[in-house]
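Student:
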Amino acid sequence: MTTEHIAPGTVTRRFTGQAMPRKEDARLLKAQGEFGDDTPVAHLAYVAFVRSPYAHARIAAIDVSGAEQAPGYLGCLVPDEVETLTDPYLELQGPPGDAEVDRCLASGGIARFAGEPVVAVAAETREAARDAAEAVVVEYEPLPHVVDAREAVQPDAPLVHEPVGTNVAFDSLYDWGDIDFAMDNADHVIEVDELHFHRFSSTPLECGAITVEYDAGVDTFTFTGGFATPQLATLNLSVALRHPFSKLRVLSKDIGGSFGLKLNMHIPATAAALLSRKLGRPMRWTETRTEHHQAGGHGNERWFRDVRMAVQRDGTVLGLTYDALDDVGAYTRYEPLGGVIWTQVANACYQLKHLKVHYRSVYTNKGPVHPNRGYSRMQHLWLVERMMDIAAHKLGFDPVEFRTRNYVQPEQYPYTTVNGCVYDSGDLPLSLRKALDLIDYRGARELQERLSGSGKRIGIGIGSTLDSGTNNLGQARLINGELPFSGNTEGGLVRLGADGTVYATTGGVAFGQGHETTIAQVVADMLGVAYDEVQVQRGSDSALSAQTGMSGSYASQFAVTGIGAILNATKKLAHEINLVAASALGCTPDDITLVDGHAVVADDPDRALPFSAVAGIVHFSPADLPPEVADEVGLVGRAVYRAPFEIPDTERKYGNLTLTYATQVHACVVEIDEETGHTRLLRYAMVDDCGTPINPMVIEGQVHGATVHGISAALYEHLSYDAEGQLVAGNFYDYHAATAYDLPSFRYDNVVSPSPFAPVGAKGMGEGGGAPLHALSAAFQDAVGDRAMVLDSCNPPERVLRLLRGLDAERVRVIR
Amino acid sequence: MITLTGRFDTPADAAALLALHGGPEALAAVPTLRGVRRDASGGIRAAFSPRGTFVPMPFALTVSVERASATGAQLAVRATRGQTAVDVQLRLGFEPSTSGTTVSWAADVSVRGTGATVGQRVVRDLVYAAIDEILRDTAAVA
Amino acid sequence: MTIDHTAETREITVTVDGRSETGHVSDRTLLVHWLRDALDKRGPKIGCDTGNCGACTVRWDDTLVKSCMVLAAQADGDEVETAAALEGEDGSLNRLQRCFADYHALQCGYCTSGMLMTATDLLSSGEEITEESVRRGMKGNICRCTGYHNIVKAVRAAAGQEVPAPHGCAAQEVESR
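Protein chains in written order, with my numbering: chain Y, 1 to 816; chain E, 1001 to 1142; chain B, 2001 to 2177.
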């Protein structure tokens, strides 16, 4: 631990833990925010991409003569140029996937998914850029394509990347405990042929937007846009552009949602940068909705095959095994990290003893996957929860008792999983009881009985899940032993301005989570100033020293790493304030307490110095200070928070991979129209436990948002492709993101199990863990009993109708 | 893949229709075609601006005649415009009629790109109209 | 409206947020692009290009429209109001905006201006405000952060209805924070 716990009594917690109104809100409500496409830039030109209509094709010829005739055309960038001018990005995978080369335009002159950028065109206006792009004629030689991961692993499948020699980018066997023993000796074994976790995305309302300005005078590129990991983006841009790291600056202001997907913005940014340098103009690329759906990043689609679960007669689940085919689309990008990220939650919510998974990351000719809210864990969590549910149905256990019996119990924390992860705290049985109370479980069962035979069918579902937060980046070594990553840090900077104003800057990147608010809460408490008096920097800036290499918003970690770094930085600043005040007030630094914007002598409150005076002395009258104090004090606290991790054992694939585990238990009651298959949510409840809350209002809001992402994915959203590899959900007509009218009001409650490992007892929690997918699948299962089996995570009306007619019943067997 | 079929009558006889295969010059008279030429592999290239369309931007057209006889022909047609590609396997049948020839056509059409994604609800009708139009216009100059 | 054939643009004059604005636009320029690019109006946002998401919602004379579905030229001589016009003259938040803040009805803020415009229209429509009517009235606006629950609460609170306080906040504290 590198941050001391704030012991009760030492700091007055006026703001931390309160539902403080958000600092971000005023500007956003007054239409004065500054999002990626908002900033006016002089002499700005616009970029549009020509994208491949083919799922897989060699580019035979590119004719830009039509574009050259378009009014306002400035220039273009073609794949050959990119091959010459750039180096490949940093990639995570080892052999064989490391033979893949990803570039900002069709790498090696081959387009590998429909929607892949082939030519970038620049013009004076948005319209001119699009006209010019439309006038570019590309001749394609279609190549055989593969859109289904199950076909892609067949020996005769077309190769997405010829040099890789296989469509399997990553292949790993995880084998913990003794699964054979469990399967051989268990009272019951449930076997399922195949389950499918479908492809969807959180589709932030703001698509990608990047502005690149090249300043020839200092040979520096400045990138503004939604870069979710600014230092990693800078590193990648530096490598790709062969441009010094020191001469790249990555900024973000307001970001209209990322949910993880904007971790790969450096790729289109490379094209915009090359055009900016080539044409001597600032360039902006604003992604359209269709482009975002084609190429902005999808969530991981996963097939689970040959799934078996071992269960005892008394309902104890011993273990689980399956083969996973994770469909990563045409490029690995952040993958194959998903191939290990899921193991953070290997046990899901349960006391499993044995787990064996053969995991493969598989290329297909579809849009690449990016991390998406619940990244890679939610797929495994869904599978485990689905198997728990199926086992209960097939073996005749009560679904509530069955889960409760197998949950990690409150007294077992800290609980070590099969693979050495340490679940920090929680109370799942209490969370489940609260969730069931919120939906009036007993009443719902009565309703179910009452409506039976009426043409409306009731289903009641439970979804238990984990939101693992604060990655041990050492887990990257489990996919590639050569990677130089371990642990985790975030940076923070807190300073006193010349007039005594408190400024705080995080290394993190916010896209709606209220970082400015929660930072101000903890800083105000530690420095004893008013919440309104803390100025928090909007957005992020790679040139400020707040960031560390790992900075950014991913892996549900801000409440731990971001806040931890801010607290450490604030502590440094407080120490300096104490030094200055002590010498001015004639006492020792230990005598000083910080109260109401003053440094006060604790046992003589009349002797006090306002922060403005402290700042005044340091900034304008250092000669008033003893030299040893004046030399030490700059009134800048810069610190990192280091999460206490060790490097995992790469042989056994064993070790703690995340610091905190927030839990969510959801329960719902759905009403299914037997004639149309339409599902109505009658009651929906979620119980969240993310440790000690910093701002309960913000937490509740995050839970609401993650809930709707999950509900919408479970009922409506599907980034499906046809047999030609064409995306059939390329805008919000065909990709239905749930609206207010699709949803009920939620019933929310929480449990507080402080994390013993985290700075203020708070756990990271934004991603949510996909509980609605689990809960709704279970509700459908409940509605159909064991006459059909819910083996797909997306159940729109047409699939619900098939469930009502017995879909997939034969694919689940009790073999013992 | 979409399969479309159509039929129309033209005063031209089959020989005249087949003569269109002879050279780009004849096709130059088709009002919706511009820049008709023969490419290195013997295919015909042209810019095609269908009348019924949402966007006044021509398709880049490549036509290879795979088979042609007095009773019919088989053509592979590729049309691209911006981020849409339309690949057509077109089978033509010529049947003499009292007033000339009845042309029947069957097309296996694959639409890819934006036309397939964003245009999925209208693309069938648009492609039908475009094929019908270009065939009638071409027959009219025979 | 004067048509300048040589430059293929036409001059339009539109009263935007109470101020007369004159611009030269091509026939196809969308109202949302003109408002954003020429006037730096950041209320209307583009989230979908197809009229689904409502982030670009503005008032055009007496009609609520998605400004990506209207040509700038169509608004010539008319009045357009964006979310930038909602605040009080002294820059303070109006009642609806305050309720959005009080009930945490926004996260990233990208959909917010459109939500405010639609809710303003709904609240002044005379329609009875209920949970159901608010959900129906707001269904043309997509939010990907909040799950709508708090937006519905904020709109109902702005209509004077009693709604549950945000988690961790006593009911009587909501507006005094």
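Just so it is clear, CB atoms sit at the ideal spot from N, CA and C, and this is done for glycine as well.
Mapping DSSP to helix, strand and coil, what is Asn185/Y?
Tutor: Note: Asn185/Y maps to helix in three-state DSSP.
Student: Show which residues of chain Y have a CB atom less than 8 Å away from the CB atom of Gly1082/E.
Tutor: What Gly1082/E touches in chain Y: Val50, Ala133, Glu134, Ala135, Val136.
Student: Taking Cβ-Cβ distances below 9 Å as the criterion, which residues of the stretch 1089-1116 of chain E are in contact with chain Y?
Tutor: Listed by position, the residues of the stretch 1089-1116 of chain E near chain Y (Cβ gap below 9 Å) are Ser1110, Val1111, Arg1112, Gly1113, Thr1114, Gly1115, Ala1116.
Student: When the distance is taken between beta carbons, is Ala1076/E closer than 8 Å to Ser1064/E?
Tutor: Cβ atoms of Ser1064/E and Ala1076/E: closer than 8 Å.
Student: For His855/Y, is the classification buried or exposed, using 16 other Cβ atoms within 10 angstroms of its Cβ as the cut-off for buried?
Tutor: No statement about residue 855/Y is possible, as the shown extent of chain Y runs from 1 to 816 and does not include it.
Student: For the stretch 15-37 of chain Y, list every residue whose C-beta sits within 9 Å of some C-beta in chain B, in sequence order.
Tutor: Correct list: Gly17, Gln18, Ala19, Met20, Pro21, Arg22, Glu24, Asp25, Ala26, Arg27, Leu28, Leu29, Lys30, Ala31, Gln32, Gly33, Glu34, Phe35, Asp37.
Student: Sorted by chain position, which residues of the same chain lie with C-beta nearer than 6 Å to Arg816/Y's C-beta, five sequence neighbours on each side aside?
Tutor: Counting only Cβ-Cβ distances below 6 Å, and skipping sequence neighbours, we find His188, Val189.
Student: Taking the continuous alpha helix (DSSP H) assigned at Tyr441/Y, which residues delimit it?
Tutor: Per DSSP, Tyr441/Y belongs to the alpha helix (DSSP H) from 441-451.
Student: Would you say Met2069/B lies against chain Y (beta-carbon separation less than 8 Å)?
Tutor: It does not; no Cβ of chain Y falls within 8 Å.
Student: Counting only beta-carbon atoms, is Glu724/Y nearer than 8 Å to chain E?
Tutor: With 8 Å as the cut-off, Glu724/Y counts as an interface residue toward chain E.
Student: Closer than 8 Å by beta-carbon distance: list the chain Y residues that pair up with His2167/B, in chain order.
Tutor: The contacting residues are Ala19, Pro696, Met697, Ile699, Glu700, Tyr748, Asn750.
Student: Could you name the residues of the stretch 1060-1075 of chain E whose beta carbon sits closer than 9 Å to any beta carbon of chain Y, in the order they occur along the chain?
Tutor: The stretch 1060-1075 of chain E vs chain Y, Cβ under 9 Å: Ala1060, Thr1062.
Student: Near Glu2081/B, which residues of its chain fall below 7 Å by C-beta distance, leaving aside the five closest residues on each side in sequence?
Tutor: Cβ neighbours of Glu2081/B beyond the five flanking positions: Asp2017, Val2058, Arg2059.
Student: Can you check DSSP and say which residues form a bridge with Asn471/Y?
Tutor: Beta-bridge pairing links Asn471/Y to Thr658/Y.
Student: Just to confirm, is the Cβ distance from Ala2083/B to Met2117/B under 8 Å?
Tutor: Yes; because the gap between Cβ atoms is below 8 Å, this pair is in contact.
Student: Compare the C-beta of Val121/Y with all C-beta atoms of chain E and state if any pair is closer than 8 Å.
Tutor: No, no contact with chain E.
Student: Where do the ends of the alpha helix (DSSP H) carrying Asp437/Y lie?
Tutor: 428-438 is the extent of the alpha helix (DSSP H) around Asp437/Y.
Student: According to DSSP, simplified to helix, strand and coil, what is Gln312/Y?
Tutor: It is coil, neither helix nor strand.
Student: Do you know offhand how far Val630/Y's Cα is from Pro622/Y's?
Tutor: In the sequence under discussion, the amino acid at residue 630/Y is Ala, which differs from the Val named in the question. C-alpha separation (whole angstroms): 6 Å.
Student: What are the residues that DSSP puts in a beta bridge with Val665/Y?
Tutor: Bridge partners of Val665/Y: Ser464/Y, Val687/Y.
Student: If we define contact as Cβ-Cβ less than 8 Å, is Ala740/Y a contact residue for chain B?
Tutor: Answer yes: the Cβ-Cβ gap between Ala740/Y and chain B drops below 8 Å somewhere.
Student: Beta-carbon separation of Ala122/Y and Tyr46/Y under 8 Å?
Tutor: Yes, they are a contact pair.
Student: Secondary structure at Gly339/Y, three-state DSSP: helix, strand or coil?
Tutor: Here Gly339/Y sits in helix by DSSP.
Student: When burial is assigned at 16 or more other CB atoms within 10 Å of the CB, is Thr270/Y buried or exposed?
Tutor: So Thr270/Y counts as buried.
Student: Say whether chain Y places a C-beta atom closer than 8 Å to the C-beta of Arg2113/B.
Tutor: Reading off the sequence, residue 2113/B comes out as Ser, not Arg. So, interface residue.
Student: Using 8 Å as the limit for Cβ to Cβ distance, is Ala1085/E near chain Y?
Tutor: So, interface residue.
Student: When burial is assigned at 16 or more other CB atoms within 10 Å of the CB, is Leu776/Y buried or exposed?
Tutor: The residue in question, Leu776/Y, is buried, as its Cβ has 16 or more Cβ neighbours within 10 Å.
Student: Taking the alpha carbon of Asp1016/E as the reference point, which residue from Val1103/E, Ala1085/E, Gln1083/E, Ile1044/E has its own alpha carbon closest?
Tutor: Checking the sequence shown, residue 1016/E turns out to be Ala, not Asp. Out of Val1103/E, Ala1085/E, Gln1083/E, Ile1044/E, Val1103/E has the C-alpha closest to the C-alpha of Ala1016/E.
Student: Determine which residues of the stretch 2018-2040 of chain B have a Cβ less than 9 Å from any Cβ of chain Y, and write them out in chain order.
Tutor: Hits within the stretch, in order: Ser2026, Arg2028, Thr2029, His2033, Arg2036, Asp2037, Asp2040.
Student: For a contact meaning CB atoms closer than 8 Å, what does Val1118/E contact in chain Y?
Tutor: Under the 8 Å cutoff, chain Y gives Thr290, Gly730, Asn731.
Student: Return yes when the Cβ of Gly507/Y is within less than 8 Å of the Cβ of Ala546/Y, no when it is not.
Tutor: In this structure, Gly507/Y lies closer than 8 Å to Ala546/Y by Cβ.
Student: On the three-pair Cβ rule with 8 Å, is the stretch 31-43 of chain Y touching the stretch 2033-2045 of chain B?
Tutor: They touch, by the three-pair rule.
Student: Taking only beta-carbon positions, decide if Gly2043/B is within less than 8 Å of chain Y.
Tutor: Yes, because at least one Cβ of chain Y sits closer than 8 Å to the Cβ of Gly2043/B.
Student: Could you spell out where the alpha helix (DSSP H) holding Cys2099/B opens and where it closes?
Tutor: Counting along the chain, the alpha helix (DSSP H) containing Cys2099/B begins and ends at 2095-2102.
Student: Verify the CB distance criterion: does Thr2050/B have a CB-CB separation below 8 Å to chain Y?
Tutor: Yes - at least one Cβ of chain Y is within 8 Å of the one on Thr2050/B.
Student: Which whole-angstrom value describes the C-beta separation of Phe611/Y and Gly597/Y, a residue pair presumed to lie in contact below a C-beta threshold of 8 Å?
Tutor: Yes, Phe611/Y and Gly597/Y are in contact; Cβ-Cβ is about 5 Å, under 8 Å.
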